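Presented below is the structure to which this report refers.
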Amino acid sequence: MRTALTDLVGVRHPIVQTGMGWVAGPRLVTATARAGALGILASATMTPEQLRSAVREVRSRTDAPFGVNLRADAGDARERVRIIVEEGVRVASFALAPSRELIAELKDAGVLVVPSVGARRHAEKVAAWGADAVIVQGGEGGGHTGDVATTVLLPQVVDAVDIPVVAAGGFHDGRGLVAALAYGAAG
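Quick look at the structure:
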């Protein structure tokens, strides 16, 4: 299935396996990437050295695109960005919105920037700063973005930004994907 997300990232399916701490390691990300979806490593639970090793492990197992999730507010965020750039990671996703400077640094290096947001205004902000896509995560998804239901938040964001929007939170099967696409999401 072809969507704006699949075209942007270079995957076959409009599905993102998010960077869940302690779960999204090299094995899961590799399996996801091999299956044609976008796998994302969770870096918040890794040291920078472990992150570099995990990226290299995924790269040794597949040529498919994958990403790394990081917290923009982490003290070592710039070091993690440097690793992402040096290792040629395709996508950087953020649990909390990155600064304008982090977005610019990643984009200048050819890395796609895909922050997670829990409010329309946050999506508008990161889109204006150059994000390539945005993950709209409702309260059903857990994580760090808020408690507004995805089905309320998603259409607001789709209408507000001109970049691909990915739905997250409460979607776990084909029906959920169809619903997200019907709302206007790209995945």
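The sequence shown begins at 80 in this note's numbering and counts up by one.
Don't be surprised by glycine CBs; every beta carbon is placed ideally from N, CA and C.
Computed from a predicted model, the values in this text were never measured in an experiment.
In summary, P105 is buried, with 16 or more beta-carbon neighbours lying within 10 Å of its beta-carbon over all protein chains present.
Counting along the chain, the unbroken beta strand (DSSP E) around P194 starts and ends at 191-196. V245 is not a Cβ neighbour of A198, given a cutoff of 8 Å. The three-state reading of DSSP puts V236 in helix, counting H, G and I together. Exclusion of the five residues before and after R159 leaves S122, P127, L130, V147, L149, A153 as the residues of its chain whose Cβ lies within less than 8 Å of its Cβ. Beyond the five residues adjoining it in sequence on each side, L232 comes within less than 6 Å, by CB distance, of V215, G217 in the same chain, given in chain order.
Of G209, E180, R200, D187, the smallest CA-CA separation from V193 is found for G209. Under the Cβ criterion (8 Å, minimum of three pairs), the stretch 176-189 does not count as touching the stretch 134-142. Per DSSP, reduced to three states, the secondary structure at V205 is helical. Taking E184 as the centre and dropping the five residues before and after it, the same chain places the C-beta of V160 closer than 7 Å to its C-beta, in chain order.
Pairing S172 with G220 gives a Cβ-Cβ distance that is not under 8 Å.
Our two residues, P144 and I162, have alpha carbons roughly 16 Å apart in a direct line. In the DSSP assignment, I214 falls within the unbroken beta strand (DSSP E) covering 213-216. Taking C-alpha positions only, G225 is separated from V196 by approximately 8 Å. Secondary structure note for I119: its beta strand (DSSP E) is the uninterrupted segment 117-121. With contacts defined as CB atoms closer than 8 Å, V108 and L120 qualify as a contacting pair.
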